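Right, one structure below, let's go through it.
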Amino acid sequence: LRWPADVQVSAFILPDDLLQNVHRYLFTESTEECSSGTYFLVPVKSDFPEADRKLLFSLDPGIMPMNKDVPSKSYVRLQHEATNTWVHATSATEKQNLYYSSKNEKGWVRVICENNRVDKETFALLPVHPNEVRDLDFANDACRALRNFIRHIKSGDPVTKESINVTIQLLTECIYFVTNTKNHMMDPLQISDFTPSRDRQKLLREQEVLDQVFQLLKAPFMPRQGLTEIGPLLSSPSELGETRNEVFKTMFHLLRYGFSYRKNQEFLAEKFGQIQEQIGFDLLAEDTMTAVLHNNPKLLEKYVKTPHVERFVELVRNNRLGKFLDYLADLCVCRGEANKKVQELICNSVLSEKHRDILMETKLIDDEVHIGWMGQPLRKLVDLAYSSRKNPSDAEFLDYYRHQLDLLAQMCQEQQYLAIDPPPERKLLNISQQLPADLVLRCMSDSRLPCEVRASFARLMLHLHVVRGSPLSAIRHARLWTDITNEVKVQSYKTTSVEGYSDGGRARVGDQFATDVSFEAFSSLIGCVNLFLCEALADALSSLSFQMVTLAKALAQFGYYTFDNLLTLTENLLHIVDNSPHSAQTGGFLDSFVMDVRRDYRITMALSWFKLNFPCDEDGVLNHTANINERMAHELYEAIYQSSGHELHLDGGDGQLLLAILMQMTMSDYPPLTSIALKVLFRHFTQYQELLEDLKQVQLLVSSDDVENYRQVDRDLFILKNLTEKSELWVHGDRHHSIDAKDQEHDKTTKMDFEEHSLITSKGFATDEILKAVVDIIDEHYMGSRKDCLRLLNQLLISEDRNLAAIALQELSDRTPLIAYPLIRQILVRLKKLCYKKDRPDSMNQQLLKNMRVYEVVLEFLSIPYDKKNDFEMPRLITLSHEFLRSFCKGNKENQSRLHKFISIEKDAKEGTLKVETVEEAATLVAIFRNNRELASNVSEDLIAHIVNLIEHKSRNAVFLELLQSLVCIYDKEIETSQDKVATEVTARGCAASLFRVFILSNAQQLFSLPRRDRTRPFPSGRIFYDHSNYFRLLALCTRGKNGSTELKCASEIPMDHIVRVVTSPSCLVEVKTAYFQFLLHCYIDTDAEMKDAYKAEYVDSLLHNMLLDVQKLHSELSSPSPSTNIQYICLTVTEILLKFFEKPYSESAKVDIHAHKKMFTAILQQLSILHASCLKRSQSPKHWYRVDQCIKRLRKWAEENKISVPASISMPPFSSVPTVKQRWQCAANSARFISQVSRTYS
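Residue numbers (full-length UniProt numbering): 1 to 1243.
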């Protein structure tokens, strides 16, 4: 029997025809007794299972049947006939009870037989559809046939053509089976458009069909065993003939079709070693391998290692075919996004010196581009393009070169700097130097070349030269008042508020085309793109058109277009879409970017108008009083919307063409295009509202401190972005590598060296701790480059020259990469400090960090992969990053909402999202949800389920419980919807029982067995008590506010006898007791539900007696000079429970009969009075004194109403002549009221 680890009630499936007259059922399992009398179920084989009592189990119905038939869809218990024992599942929390059929399985829970019968533990009898039975029969028959064929091969008997044909037909039927293909006349190797059946894929794996396929792939090459050992049928896949080749192709096609299901992909990934032995022989093994990995990033990272990449490189060298380059290119990208780890493996292999021979050279000779193999004569690219039309070998040569360009583009995708601009010491091919921008531009604009080749060059231009740094933020809400111009024009408008930092890497590689990153530097490229788009109206669907449009979009997003050129580009694209309405790719450019730039332009116009009409001095003080009226509002409207005429309508007219195209796009059959069109359409009609919202969020920076903070954050952001994008150059660097000779003696770096370069400042390294980290790195790794390193740090951190700072950062990355660790550490500390002002959240700076989108860069930094075993610095930076995020959103609901949008619980979450897996990430989520009712009320059930799953299976840290607590209660006010979601998830699927074991039962012995001296500590090591009390505090918050549904759920999981047993234990700590009493109060006492267990006489007596002892203990503790830990527990928790116990609610009777507990009630009341009158001082703890005072008064009144005699000391409390604060306020209010009445009377 298989029993999944995450299921308590297992389902046992029986066909329809076996559900009648079933009292006994045979399993191919038997029981094996252990020393404790428990029987473990083990598989056995029997020739006559129907006659073997050891294999016989009885079905015991969960309900009383009407006759001898066991009803369908009913629940039954299983009893073993031979031993009269009952089938049970063991605890899934104990490792010895879990069985793993493979490395990737979650684990199956061991099934045992015991004498006791548990009514809750049942199996469900579910009817099975006949189609499922037929599928199961087919899978079993296919497995049996394949196993017989493999046995026939291994026997050494001749393999006939007929048996091969039968096997091919069987594999073909398997392909039809898994692809749901009805037409069995179709070629099985040409099936492309199909919807895979997940159930059938799963069936082929579980019934071992796929395992037999892998056995068959291996069988012909294994030694055979006849009468004597015989050699293998084939010694190598190269010996496969045409017929046998077809068998292997069919098998690999079956594997490819059967692996869109994740479990099957993991199964196949474990066989990669076997598959690699058969790639390169035209068996489709390589196609199968790359197709499975192409859509699963986790498998890609886990199973693709250096030997796999080297094998593909050897295939490229041996075959010189473009398709093998495509295999490497496919491994670089997964789901359309670059996979950094695999990309790095491929760069280190393909671009290394030993593999330079597989890449063609490209050189510019006499203004013509030449290509060719290394060490061979080069040929003109244009001549090759002409000759390839007639000469097949030249066509194959050019095709290889085109695939090489595609591979290089994939290797550079998403700024992989090991390909774009590797450090010199890595000795990798520098693609930026080999293919400079002017050469690539020349090729992509040469109309003599085929469109496919030009498209490949355009794609390479995009990833190699254009996409550098970070895309511009189209809308800037943080503005320097001094940078706002008095006049704004479309022709002169720039999308950056200050002069941006350049990419130092462009200058270092000597790329003349991109030395100066400005609009003019890329004018040739922009002119080429614009010219092509103007001429592309008749051929908008070609691959070259798509690449040109993509290139134009990147040029715009990375700031190479001026605003007027961007408007012209948009107009051209709209005309292309108008002439070719089916061009979904071109229409995809019409996203929010252009409209965002227009919004930013209008914000600038509005601010310029305000600056012109309301001048102020350097401190931001207006020269004259502002008096805004309707006339001025009209002038502002005219300045923003009317002065530009038709310039901002995007289509060069009055906007009618834009609306017509958008309406046409909304009727497209391509969902992404429809979504974009609707989004742009809605935004078109909400331009005024968008501008008003933007003006509300604009942050004008006027004071010198604000301007200095802005410029410092701007520089820090540049450094952090750059190091994040180029993380592969320093995170995976060899820490033991030093560019300096070890035998040379050097003086140690001192603080004086840093002071000479002005680095001991707030802009440099302000703290001794970070300064020491920099010194240690320089002394250990870069002692010979110390002076250059300090000079570069000065240029980067102190110098005002932005281009010089960019070049300095590039040189530091090349020469001293490990400096990145303390640099980032200092930046994160500085950003975190900026969030506070005098230890309180600084909303002004928090808004500045939000407007500059610092949090997005920090989230990107958190996505950097690193070596968790050997890199000890990166975890500290991760912790600092989370501390900044918590500081960023502390007490700031707007920032909390910003971060909330990035939360993701998906396993394959994109980079830049906030995952929820570790304790640090959970603590950040606590800061996001804390005291934010809107976010907590709308929390998703999936997120809560994910958190509960983490607690149950991965981490017992109380931070996860604190996170759940922050969702159910805000400012001591419960959120009913969140209470229901959390309580439902905690009590569903047996999670509550697991959590109860984790936080209660598993710690119970430790909780009460620690020595007394350890129990006096606040929270001992292991956080046992903290976890224990936090779990009950969560349940108390879930049941707070008389939430009937959560009260019943939690009460069913935590019985009253357990509460009483723990609370009354002499070893119970105050923290734990407080949490238990809070749960008792909200779940059992302060409730509208009927909780009879809470008012049993023995339970109430035990609780009251324990409270009495605690009050007496507090009295003795307050009499001594040492501080007491019981004061809050007694004065707040105990007093509230006493009032709820004995006071009569509205229109109801009291919860507890006061007469039945008269003696204990009187004793507690007397002890509280003594505490109130003597030790508890009102001046030191007024809140606690007031709560006890009110409790005594209300209980005394209730005693008098019920004619309960109390001691005189309780009836007549000591009189105080000093008026209380409340009395003084009441006196003042009465006096004021009297004076006002007298004044009205005389008036």
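C-beta atoms are modelled at their ideal positions from N, C-alpha and C, and glycine is treated no differently.
Since the model is a prediction, treat every value here as computed from it, not as a measurement.
Looking at the strands, I want to know which residues DSSP matches up with His-152.
Numbered from 1 along the sequence shown, position 152 holds the residue referred to as residue 152. In the DSSP output, where bridge partners are listed per residue, His-152 has none listed.
So does the stretch 975-988 actually touch the stretch 933-941, counting three or more Cβ pairs closer than 8 Å?
yes
Roughly how many angstroms separate the alpha carbons of Glu-270 and Lys-751, rounded to a whole number?
The residue labelled residue 270 in the question sits at position 270 within the sequence shown. The residue labelled residue 751 in the question sits at position 751 within the sequence shown. Their backbone Cα atoms lie some 54 Å apart in a straight line.
DSSP has Gly-372 in a bridge; who is on the other side?
The residue you call residue 372 lines up with position 372 of the sequence shown. Answer is Glu-361, bridged to Gly-372.
One question on the structure: do Leu-171 and Thr-288 come within less than 8 Å of each other, judged by their Cβ atoms?
For the purposes of this step, residue 171 is identified with residue 171 of the sequence shown, where counting begins at 1. For the purposes of this step, residue 288 is identified with residue 288 of the sequence shown, where counting begins at 1. Result no, Cβ atoms of Leu-171 and Thr-288 do not sit closer than 8 Å.
Between Thr-625, Leu-480 and Asn-264, which has its C-alpha nearest Ser-704's C-alpha?
Here residue 704 is taken as the residue at index 704 of the sequence shown, counted from 1. Among Thr-625, Leu-480 and Asn-264, the Cα nearest to that of Ser-704 belongs to Leu-480.
Starting from the Cα of Glu-635, find the closest Cα among Trp-609, Pro-615, Gly-655 and Leu-657 and give me that residue.
Counted from its first residue, the sequence shown places residue 635 at position 635. Glu-635 has its Cα closest to that of Trp-609, out of Trp-609, Pro-615, Gly-655 and Leu-657.
Could you compute how far the alpha carbon of Ser-260 sits from the alpha carbon of Thr-290?
The count along the sequence shown starts at 1 and reaches residue 260 at position 260. The count along the sequence shown starts at 1 and reaches residue 290 at position 290. Each residue's Cα considered, the two are about 13 Å apart.
Using only the alpha-carbon positions, how far apart do Leu-607 and Ser-643 sit?
Locating residue 607 in the sequence shown gives position 607, counting from the first residue. Locating residue 643 in the sequence shown gives position 643, counting from the first residue. Roughly 15 Å separates the two Cα atoms.
By the three-class DSSP mapping on this structure, what secondary structure does Ala-338 have?
For the purposes of this step, residue 338 is taken as the residue at position 338 of the sequence shown. Three-state result, Ala-338: strand.
Might you give, ordered along the chain, the residues of its own chain that have their beta carbon closer than 8 Å to the beta carbon of Pro-223, omitting 5 neighbours on each side?
In the sequence shown, the residue the question calls residue 223 occupies position 223. Excluding residues within five positions, the ones whose Cβ falls inside 8 Å are Glu-229, Ile-230, Gly-231 and Pro-232.
Which of the three DSSP states, helix, strand or coil, is assigned to Arg-77?
As a first step, residue 77 must be located in the sequence shown, where it is residue number 77. The answer is strand: DSSP assigns Arg-77 an E or B state.
What do you reckon, are the CB atoms on Leu-398 and Ala-419 nearer than 8 Å?
Mapped onto the sequence shown, residue 398 falls at position 398. Mapped onto the sequence shown, residue 419 falls at position 419. Cβ distance not < 8 Å, so Leu-398 and Ala-419 don't count as in contact.
Residues in its own chain within less than 6 Å of Lys-1140 by CB, not counting five upstream and five downstream?
As a working note, residue 1140 is residue 1140 in the sequence shown. Within the same chain, Lys-1140 has close Cβ partners Ile-1085 and Asp-1086.
Could you tell me the boundaries of the beta strand (DSSP E) in which Arg-479 lies?
Residue numbering aside, residue 479 sits at position 479 when the sequence shown is read from its first letter. Per DSSP, Arg-479 belongs to the beta strand (DSSP E) from 478-480.
Contact check, Leu-831 vs Asp-716 under 8 Å by CB: the rounded distance?
To locate residue 831, count along the sequence shown from 1; it is residue 831. To locate residue 716, count along the sequence shown from 1; it is residue 716. With a Cβ gap of about 7 Å, Leu-831 and Asp-716 count as contacting.
Lys-305 by DSSP, collapsed to three states: which one?
As a first step, residue 305 is located in the sequence shown; it is residue number 305 there, counting from the start. Lys-305 falls in the coil class under three-state DSSP.
Quick check on residue 1326: does DSSP put it in helix, strand or coil?
The question about residue 1326 has no answer, for the chain in this structure spans 1 to 1243.
Sorted by chain position, which residues of the same chain lie with C-beta nearer than 6 Å to Lys-298's C-beta, five sequence neighbours on each side aside?
Working through the sequence shown from its first residue, we reach residue 298 at position 298. No residues qualify anywhere along the chain.
Could you tell me which whole alpha helix (DSSP H) segments of length 4 or greater appear in the stretch 691-732?
704-725
Report the partner residues of Val-333 according to the DSSP bridge assignment.
On the sequence shown, position 333 is the one that residue 333 refers to. Bridge partners of Val-333: Ala-338.
Give the straight-line distance between the Cα atoms of Asn-264 and Lys-302, rounded to the nearest whole angstrom.
Along the sequence shown, one-based indexing puts residue 264 at 264. Along the sequence shown, one-based indexing puts residue 302 at 302. Rounded to whole angstroms, Asn-264 to Lys-302 spans 15 Å at the Cα level.
Can you name, in chain order, every residue of its own chain whose Cβ lies under 7 Å from the Cβ of Cys-991, other than the five neighbours on each side?
The residue given as residue 991 occupies position 991 in the sequence shown. Residue placement at Cys-991 is flagged as unreliable, the pLDDT there being 48, under the threshold of 50; the coordinate-derived value follows with that caveat. Hits under 7 Å: Val-948, Glu-952 and Glu-985.
Thinking Asn-84 and Thr-90 are a contact (beta carbons under 8 Å), I'd like their distance in whole angstroms, please.
Locating residue 84 in the sequence shown gives position 84, where the first residue counts as 1. Locating residue 90 in the sequence shown gives position 90, where the first residue counts as 1. Between Thr-90 and Asn-84 the Cβ distance is about 20 Å, and since that is not below 8 Å, they are no contact.
Helix, strand or coil for Val-939 per DSSP?
For the purposes of this step, residue 939 is taken as the residue at position 939 of the sequence shown. Residue state, collapsed to three classes: coil.
Would you call the stretch 793-806 in contact with the stretch 750-765, where contact means no fewer than 3 C-beta pairs closer than 8 Å?
yes
What ranges does the beta strand (DSSP E) occupy inside the stretch 620-701, keeping only unbroken runs of at least 3 residues that lie completely in it?
699-701
Measuring alpha carbon to alpha carbon, tell me which of Gln-965, Thr-879 and Asp-446 ends up nearest Ala-1036.
What you label residue 1036 is simply residue 1036 of the sequence shown in a count that begins at 1. Among Gln-965, Thr-879 and Asp-446, the Cα nearest to that of Ala-1036 is on Gln-965.
May I have the straight-line CA-CA distance separating Gln-810 from Pro-422, to the nearest angstrom?
Start at 1 with the first residue of the sequence shown, and residue 810 comes out as number 810. Start at 1 with the first residue of the sequence shown, and residue 422 comes out as number 422. Whole-angstrom Cα-Cα distance: 11 Å.
Just verifying my parser: in three-state terms, what is the DSSP assignment at Ile-346?
Residue numbering aside, residue 346 sits at position 346 when the sequence shown is read from its first letter. DSSP places Ile-346 in the helix class (H, G or I) of the three-state scheme.
Hey, quick one: how far does the alpha helix (DSSP H) through Ala-82 stretch, first residue to last?
Position 82 of the sequence shown, counted from the start, is the residue given in the question as residue 82. Per DSSP, Ala-82 belongs to no alpha helix (DSSP H) and is neither H nor E.
Which residue wins for smallest C-alpha separation from Thr-1046, given the options Ala-805, Ala-988 and Lys-1203?
Here the question's residue 1046 lines up with position 1046 in the sequence shown. Answer by Cα proximity: Ala-988.
In terms of alpha-carbon separation, which member of Glu-114, Leu-771, Pro-71 and Glu-94 lies closest to Leu-125?
Counting from 1 along the sequence shown, the entry for residue 125 is found at position 125. Selected option, being the one with the closest Cα: Pro-71.
Please report the straight-line C-alpha distance between Ala-584 and Leu-657, rounded to a whole angstrom.
Taking the first residue of the sequence shown as position 1, residue 584 is located at position 584. Taking the first residue of the sequence shown as position 1, residue 657 is located at position 657. Only weak support exists for where Ala-584 lies, its pLDDT of 48 falling under 50; the value from the coordinates is given anyway. Whole-angstrom Cα-Cα distance: 17 Å.
Could you name each continuous alpha helix (DSSP H) segment of 4 residues or more that falls completely within the stretch 1164-1204, going from the start of the chain to the end?
1182-1201
Under 7 Å Cβ to Cβ from Asn-486, same chain only, skipping five residues before and after it: list those, please.
Locating residue 486 in the sequence shown gives position 486, counting from the first residue. So the qualifying residues of the chain are Ser-608, Lys-611 and Leu-612.
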